[in-house]
Each structure stands twice: as structure tokens, then as C-alpha cells.
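Below you'll find the structure, written out as C-alpha cells, and then a few comments.
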């Protein structure tokens, strides 16, 4: 069975709303942005426990790396970087 794809490049809906409309998910769904796969939604039973644990571990490692990178950086500075990134993304629309 071919993997279903959702192109969110021009979507005004939030991704969650788009995915909710596809429920129940019985096969993998790829999320596309400007022709590139940026995410994949898989049915709950498709991943083994080891794969799920690996995903969670990788997520926590990314959080720890971000915390280490930002250690000692004032909250206002981090906020400015985030605000600038949000403005850039919104300007693309």
C-alpha cells in the first residue's frame, strides 16, 4: 500500500487538525512542506517498544543539548532569537 502524503505548504489548517481528519490512522502518512518530507505519522502498533524508547531517548537528548547550548544565556536573548525565527517563518507565508 502506498504511503499517504499531506502537503501542508499552503495549508491554513494546523497539522493536528489535518491529521485528526484522517483518523483512525491505519497506514503511515508523510507530511510534506515545499515538496520535502518533514514528518511521518505512523499507526500506534507499527513501532516496537524498542523503537518507541529510542524516539523518546533521542528527544530527551535533543532537549539536553539545547539546555547545554543555552546555559548561561539570558532568557531575553533566547526569546529574541525565537521571536526572530517566528517572524522569518511567518514572512514566508
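In the numbering used here, the protein residues as written are 8 to 100.
By construction, the Cβ of each residue, glycine as well, lies at the ideal position given by its N, Cα and C atoms.
Please read these numbers as outputs of a predicted model, since none were measured by experiment.
- Residue range 43-48 is occupied by the beta strand (DSSP E) that includes residue 47, with no alpha helix (DSSP H) assigned at that position.
- Residue 52 and residue 58 have their C-alpha atoms some 11 Å from each other.
- Annotation for residue 71: the continuous alpha helix (DSSP H) segment containing it runs 56-77.
- In this model, residue 38 and residue 16 are separated by some 10 Å (Cα to Cα).
- In the three-state reduction of the DSSP assignment, residue 85 falls in the helix class, which pools H, G and I.
- Apart from the 5 residues on each side of it in sequence, residue 29 sits with its Cβ closer than 7 Å to the Cβ of 36 in its chain, given in chain order.
- With a contact defined as Cβ atoms closer than 8 Å, residue 50 and residue 32 qualify at about 5 Å.
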